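Student: Numbering (the working numbering), first residue to last: 17 to 380.
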């Protein structure tokens, strides 16, 4: 069996961010939204002061006037949790994946301790609770249209609200959008540029060591009825691999889909010189049982690639620059190259990694 999960994107998009914030904003004709204290403000009449505020931010739902530099950010998607912490903004609330009382993922380390000490959950990723949102008293709400388009009007009545179109493969663009909303454009652009330089340097070191670019597959066990997931380059992790210059094997389908699903009979589709395997920790044992069904198959033993176990939390669900830098740390370690080439080895603002968190659906 072979099936796909459709990517929610319009067009292929640029992989690298070199054109500044013009690539970030999406203008939606005949739609205008002004959130929170900016309600009733005509965007055309806004003149920024010396600090850049008030300002108008164009985004997936229209235009939002942000009167003053935000100090309390609420992130309704993992990509904006990462963005807020990377940009050193105070995070007051976030959504969770499975349980309503989940803490922030451990890989955020010192960034969470410093900038999210009082942050609290406001509901599930699929259904944020407007009452809990309001209780956090945010002055900026960040999310994505693909997550909660219907909730936009309600959230924008609480505070200025900015939506990207999607998450996943657009994580760099989303970081730049967050930077624009926060008045931290240069910091956001620097985070992206530093990541890309570091990824290229690590990729160059790997190619020099290996005598060429090794092929890579990203496999994830998440308990899907359709089969194990194989990630395409049209995904968060796929963008990272492209920045590293590590190709997919010849014969793996080029697709606009985020993932393709493969039944136990199609295990050999997963093969590459290096296979990175993530497993979603669902807390029930069902995913582990499904994984055992695959890995105990004789076909699994026929895979030729070197297999690497990786942390599902930031390899798949992280969807941001802190998580992406943690992936670079792992890649450098697995190939035995210097993780600091091209830049700092640590993720921006992050301390040591902890255990994987239970995150299944942010990918991707």
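Using N, Cα and C, we set each Cβ at its ideal position, and we do this for glycine too.
Owing to the predicted nature of the structure, the values given are computational and were not obtained by experimental measurement.
Just checking my contact of residue 244 with residue 310 at CB under 8 Å: how many whole Å lie between their CB atoms?
Tutor: Going by Cβ atoms, the distance from residue 244 to residue 310 rounds to 6 Å, so yes, they are a contact pair.
Student: Of the residues 294, 239, 226, which one's Cα is nearest the Cα of residue 329?
Tutor: Minimum Cα distance to residue 329 is reached at 294.
Student: If residue 185 and residue 254 are in contact, beta carbons under 8 Å, what's the gap, nearest whole angstrom?
Tutor: That belief holds up - the Cβ atoms of residue 185 and residue 254 are roughly 7 Å apart, short of 8 Å.
Student: Compute the beta-carbon to beta-carbon distance between residue 3 and residue 318, rounded to the nearest angstrom, for a pair I have assumed lies under 8 Å.
Tutor: Residue 3 is absent from the model: the chain starts at 17 and stops at 380.
Student: Report the partner residues of residue 180 according to the DSSP bridge assignment.
Tutor: Note: residue 180 sits in a beta bridge opposite 160.
Student: Note the first and the last residue of the continuous beta strand (DSSP E) segment covering residue 90.
Tutor: Segment 89-91, the beta strand (DSSP E) holding residue 90.
Student: Would you call residue 301 buried or exposed, if buried means 16 or more other Cβ atoms sit within 10 Å of its Cβ?
Tutor: The residue in question, residue 301, is exposed, as its Cβ has fewer than 16 Cβ neighbours within 10 Å.
Student: Skipping 5 residues on each side, what residues in its chain have a beta carbon closer than 6 Å to that of residue 47?
Tutor: Only weak support exists for where residue 47 lies, its pLDDT of 35 falling under 50; the coordinates are left without a value.
Student: Less than 6 Å between C-beta atoms, sequence neighbours within five positions excluded: which residues of the same chain meet that for residue 187?
Tutor: Around residue 187: 95, 252, 335, 336.
Student: When you compare each of 304, 226, 195 to residue 85 by their alpha carbons, which one comes out closest?
Tutor: The shortest Cα separation from residue 85 among 304, 226, 195 belongs to 195.
Student: Roughly how many whole angstroms lie between the Cα atoms of residue 354 and residue 125?
Tutor: Rounded to whole angstroms, residue 354 to residue 125 spans 22 Å at the Cα level.
Student: For the beta strand (DSSP E) containing residue 108, list its first residue and its last residue.
Tutor: Taken as a continuous stretch (DSSP letters only), the beta strand (DSSP E) holding residue 108 covers 107-112.
Student: Run through the segment 270-358 for me and flag every whole alpha helix (DSSP H) of 4 or more residues, listed as ranges in chain order.
Tutor: Counting only runs of 4 or more, we get 302-311, 314-317, 328-331, 337-351.
Student: Do we get a CB-CB distance below 8 Å when we pair residue 66 with the residues of chain B?
Tutor: The chain inventory of the structure shown lacks chain B, comprising one protein chain alone.
Student: Residue 382 and residue 278 look like a contact to me (Cβ under 8 Å); what is the Cβ gap, rounded to whole Å?
Tutor: Past the boundaries of the shown model lies residue 382; the chain is included only from 17 to 380, so the question cannot be answered.
Student: Here's the rule: buried if 16 or more other CB atoms are within 10 angstroms of the residue's CB, otherwise exposed. What is residue 74?
Tutor: It counts as buried.
Student: Taking three-plus beta-carbon pairs below 8 Å as touching, is the segment 142-155 in contact with the segment 86-93?
Tutor: Flag = yes, the segment 142-155 and the segment 86-93 touch.
Student: Considering only the beta carbon of each residue, do residue 139 and residue 111 sit closer than 8 Å?
Tutor: Yes, the Cβ-Cβ distance between residue 139 and residue 111 is below 8 Å.
Student: Would DSSP call residue 95 helix, strand or coil?
Tutor: In the structure shown, residue 95 sits in a helix (DSSP, three-state: H, G or I).
Student: Can you look up residue 185 in the DSSP assignment and give me helix, strand or coil?
Tutor: In the structure shown, residue 185 sits in a helix (DSSP, three-state: H, G or I).
Student: Across which residues does DSSP place residue 74 in a beta bridge pair?
Tutor: Note: residue 74 sits in a beta bridge opposite 79.
Student: How far does the beta strand (DSSP E) with residue 139 in it extend, from its first residue to its last?
Tutor: Residues 136-140.
Student: Is it right to say residue 166 is buried, meaning 16 or more other beta carbons lie within 10 angstroms of its own, or is it exposed?
Tutor: It is exposed - the Cβ of residue 166 has fewer than 16 other Cβ atoms within 10 Å.
Student: By the 10 Å Cβ neighbour count, where 16 or more other Cβ atoms means buried, how is residue 382 classified, buried or exposed?
Tutor: With the chain represented from 17 up to 380, any question about residue 382 goes unanswered, as that position is not in the structure.
Student: Return helix, strand or coil for residue 248, following the three-state DSSP convention.
Tutor: Coil at residue 248, not helix or strand.
Student: By the 10 Å Cβ neighbour count, where 16 or more other Cβ atoms means buried, how is residue 325 classified, buried or exposed?
Tutor: With fewer than 16 Cβ atoms within 10 Å of its Cβ, residue 325 is classed as exposed.
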